[in-house]
């Protein structure tokens, strides 16, 4: 069943884009929402983040058809005071309101130096890094966080009360790629845990807790279990802060009010929080970029630890994977191809060519 | 040598405050700077964070006397644009400029909803949580970060290139204490590693890397080694972001330019970054506080994991320790008492009464 060469698992990015676009439009999602969603999902697959790529179409198509996701959301700015904006996502795909929120935060930050935008009544927004990079692509520093379905327990507890709550920060460098982090606040993202299981690989013993809060590596218990927080109580605290910014502060749901697998008829009502910071309110942008390059050079010129042949700066592995995906084609997991084949048959949209 | 009851190690908070105040003034630190420093250091000891408490007086006294710390800093706002402020700490104790920076950020955030303040030409600012809580005490959400002496290696490397770079966030709750995190981005704070060694306790095998970048528990190698980043590459990425915000963006030193133990004649030239967020720009403060209390209730009502008898929210252990310190006296490590006795003799300031 394993396929180490990955033969027959790649496709051209533009073919995948066309396929996903036709599929979502056929499912009933409006054209502008479709554009936002597809760009975000494809970006994840280009980076090798298969848990947040086109595999997500299954989740979306069902919800668009059953009503959990509003196919033609009317995203509205419900509050605009100073450097803070609050947006109602109108229960559309999270990508629609999130793109708008970060765009507005960036524009406002150019005026005031820093700006924040909150989003409520939303659904899954894809990868957080996508929005942080929107800021970096404009020469701003961007931060994006979101709450997600409650699947992790408080430190010392065993009741799932908050999500893996992604946190992304991107910094412009003036070079080929931004310095960027895009992390789940669990030791391993839930998607990564599932992909590891699907590949038949063993789960490390500090990734997952069973339903009583005890570490487990048993695949059956893992599926029913909870991701362990990154850095124990530290990750617990960080994830709580992300939930407060994304959910408590924006008016969205938060904590255990957000279920991991709501019925397809029901919106998730998650929230997101975005921050943009204008470099030029601190110093000349050219000076800043030179200083960032100095820092990148310091990191990359480190002596190597045993077993490593290079030091990468945060964001560099992503960028390399994008280059490879554009050169060799985007690699999708076998499970994702099965999902795409099924959706292709259900909605009558031809599957992309594989090689 | 161990002293499990801690007898003779406690003192009244006000006695410690008087002692530290007289000591720093005798060393030559100006009265207003002294007030800021002492309040910050004592706050750490009240919370049981002995690595950042009065043990730090030794570091400061030497630097004030030798010139590394300016005893009468003229902290200036060198740039004030929109919601962004930039402050020159004038090489004083980090606490002086940091208190001013967070105060200004809070005032500005009340107007614009969000505000940022950077500080450069600074020295160690004590605990980050102190400044984040300044915001929470006013009903705002506060974030405080700082770069510190380069002691950690990039992921895959072995050259110390960035510090443990503390990150604190505090959220007002309307209750007895804010929800708060105040974490080093290493698995364990360097101070905690040193305190563990001083107590003669073993070092866990994932806390420290030797100078080649290999995990070690050997006390000799630990002292010469490097803290491991929290969550491996994730902590590496977060610490890089803190360095960029605190150092690269503010005009301070950054990366390996910051040495862990500069000569006492030389300033550290570290930088700090503060952010304040106005809750009422998002929703009615009362509504927010009710939602935070709902969230706190969710966390605390979790079923317990084996081996725990209570779930605490982030910030609660700190608050409990403050209550205990005020009730029973502030407990200092034996090594700290030795330092205080030496400083007492050197500067002719009577040591506080112990019980």
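Residue numbers (this note's numbering), protein chains in the order written: chain C, 974 to 1328; chain Y, 974 to 1328.
By construction, the Cβ of each residue, glycine as well, lies at the ideal position given by its N, Cα and C atoms.
C-alpha distance - residue i paired with residue j, whole-angstrom precision
| i | j | result |
| --- | --- | --- |
| residue 1285 of chain Y | residue 1214 of chain Y | 28 Å |
| residue 1027 of chain Y | residue 1234 of chain Y | 18 Å |
| residue 974 of chain Y | residue 1036 of chain Y | Confidence at residue 974 of chain Y is low in this model, with a pLDDT of 41, below 50, so its placement is unreliable and no value can be given for it. |
| residue 1094 of chain Y | residue 1216 of chain C | 34 Å |
| residue 1085 of chain C | residue 1101 of chain C | 23 Å |
| residue 1230 of chain Y | residue 1265 of chain C | 13 Å |
| residue 989 of chain C | residue 1325 of chain C | 6 Å |
| residue 1278 of chain Y | residue 1180 of chain C | 16 Å |
| residue 985 of chain Y | residue 994 of chain Y | 14 Å |
| residue 1135 of chain Y | residue 981 of chain C | 43 Å |
| residue 1196 of chain C | residue 1057 of chain Y | 46 Å |
| residue 1131 of chain Y | residue 1183 of chain Y | 8 Å |
| residue 1298 of chain C | residue 1019 of chain C | 6 Å |
| residue 1289 of chain Y | residue 1222 of chain C | 21 Å |
| residue 1274 of chain C | residue 1119 of chain Y | 23 Å |
| residue 1081 of chain Y | residue 1074 of chain Y | 10 Å |
| residue 1022 of chain Y | residue 1243 of chain Y | 21 Å |
| residue 1271 of chain Y | residue 1121 of chain C | 16 Å |
| residue 1006 of chain C | residue 1110 of chain C | 21 Å |
Where residue i falls: helix, strand or coil (DSSP)
| i | result |
| --- | --- |
| residue 994 of chain Y | helix |
| residue 975 of chain C | Any reading at residue 975 of chain C needs caution, since the residue's pLDDT is 47, under 50, leaving its predicted position unreliable; the model's value is listed next. Reduced to three states, the DSSP call for residue 975 of chain C is coil. |
| residue 1270 of chain C | helix |
| residue 1249 of chain C | strand |
| residue 1236 of chain C | coil |
| residue 1090 of chain Y | strand |
| residue 1018 of chain Y | helix |
| residue 1125 of chain Y | strand |
| residue 1130 of chain Y | strand |
| residue 1256 of chain C | coil |
| residue 1113 of chain C | strand |
| residue 1040 of chain C | coil |
| residue 1320 of chain C | helix |
| residue 1181 of chain Y | strand |
| residue 1004 of chain Y | helix |
| residue 1188 of chain C | strand |
| residue 1294 of chain Y | helix |
| residue 1277 of chain C | strand |
| residue 1199 of chain Y | strand |
| residue 1034 of chain C | helix |
| residue 1288 of chain Y | coil |
In DSSP terms, what residue i is bridged to
| i | result |
| --- | --- |
| residue 1341 of chain Y | As displayed, chain Y neither begins before 974 nor continues past 1328, which places residue 1341 of chain Y out of reach and without an answer. |
| residue 1155 of chain Y | Y:1141 |
| residue 1119 of chain C | C:1245 |
| residue 983 of chain Y | Y:1304 |
| residue 1053 of chain C | C:1058 |
| residue 1211 of chain C | In DSSP, residue 1211 of chain C forms no bridge with anything. |
| residue 1218 of chain C | Looking at the DSSP assignment, residue 1218 of chain C forms no beta bridge with any residue, so it has no partner. |
| residue 1135 of chain C | C:1125 |
Within chain Y, partners of residue i - CB distance below 7 Å
| i | result |
| --- | --- |
| residue 1254 of chain C | 1054, 1055, 1057 |
| residue 1088 of chain C | 1087 |
| residue 1223 of chain C | 1255 |
| residue 1271 of chain C | 1134, 1228, 1229 |
| residue 1275 of chain C | 1126, 1127, 1130, 1131, 1132, 1134 |
| residue 1235 of chain C | Ordered by position in chain Y, no residue passes the 7 Å Cβ test against residue 1235 of chain C, which lies about 17 Å from the chain. |
| residue 1051 of chain C | Those within 7 Å of residue 1051 of chain C in chain Y number zero; the least Cβ separation is about 11 Å. |
| residue 1104 of chain C | Correct list: empty, because the minimum Cβ distance to chain Y is about 15 Å. |
Listed by chain order, chain Y residues near residue i by CB distance under 8 Å
| i | result |
| --- | --- |
| residue 1278 of chain C | 1126, 1129, 1130, 1131, 1182, 1185, 1186, 1187 |
| residue 1160 of chain C | 1204 |
| residue 1265 of chain C | 1217, 1221 |
| residue 1287 of chain C | 1206, 1209, 1210, 1213, 1214 |
Under 7 Å from the C-beta of residue i: neighbouring residues of chain C
| i | result |
| --- | --- |
| residue 1250 of chain Y | 1089 |
| residue 1211 of chain Y | 1154 |
Residue i: contacting residues in chain Y (beta-carbon distance under 9 Å)
| i | result |
| --- | --- |
| residue 1299 of chain C | Result: empty, since nearest Cβ-Cβ is about 24 Å, beyond 9 Å. |
| residue 1166 of chain C | Within 9 Å Cβ-Cβ: nothing; residue 1166 of chain C doesn't reach chain Y, min ~15 Å. |
Chain C contact residues for residue i, given Cβ-Cβ distances below 9 Å
| i | result |
| --- | --- |
| residue 1365 of chain Y | Given a span of 974 to 1328 for chain Y in the structure shown, any question on residue 1365 of chain Y remains unanswerable. |
Neighbour list for residue i in chain C, Cβ cutoff strictly below 8 Å
| i | result |
| --- | --- |
| residue 1283 of chain Y | 1129 |
Residue-level contact to chain B via CB, residue i, 8 Å cutoff
| i | result |
| --- | --- |
| residue 1037 of chain C | Here chain B cannot be found, since the structure's protein chains are C and Y. |
Quiz item: Are the stretch 1187-1206 of chain C and the stretch 1155-1165 of chain C touching by the rule of at least three beta carbon pairs closer than 8 Å?
Solution: yes
Quiz item: Counting pairs of beta carbons, one from the stretch 1065-1081 of chain C and one from the stretch 1036-1048 of chain C, are three or more of them closer than 8 Å?
Solution: yes
Quiz prompt | Segment contact, 8 Å Cβ cut-off, at least three pairs: the stretch 1075-1092 of chain C with the stretch 1242-1250 of chain C | solution = yes
Quiz item: So does the stretch 1140-1148 of chain C actually touch the stretch 1107-1117 of chain C, counting three or more Cβ pairs closer than 8 Å?
Solution: yes
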